[in-house]
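Enquirer:
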Amino acid sequence: MTPPRYNRILLKLSGEVLMGPSGLSIDPTVTARVAQEIADIKAKGY
2 MTPPRYNRIL LKLSGEVLMG PSGLSIDPTV TARVAQEIAD IKAKGY
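Take the sequence shown: its letters are residues 2 to 47, numbered as in the numbering used here.
#1: I want to know whether the segment 29-44 touches the segment 13-21 - three or more CB-CB distances under 8 angstroms.
#2: Report the rounded CA-to-CA distance for M2 versus L12, giving the unit in angstroms.
#3: Comparing C-alpha positions only, which one of I27, I42 and D41 sits nearest to L14?
#4: How big is the Cα-Cα spacing for V31 and P4?
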């Protein structure tokens, strides 16, 4: 695998991404899932 091109990235997440099914506010369950997905990607070396 080639070395990463960048050392850091900026990931901008909108509140809409973190909303739950009700659509009224940020949902902790959705937020935790997104955080876990980001952590998984980082652990893979991306």
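Think of the CB as a built atom: it goes at the ideal place given N, C-alpha and C, for glycine as much as any other residue.
Expert: The relevant details are as follows:
#1: Three or more pairs of CB atoms, one per stretch, sit closer than 8 angstroms, so the segment 29-44 contacts the segment 13-21.
#2: In this model, M2 and L12 are separated by some 23 angstroms (Cα to Cα).
#3: If we check each option's Cα against that of L14, I27 comes out closest.
#4: Answer to the nearest angstrom: the Cα atoms are 31 angstroms apart.
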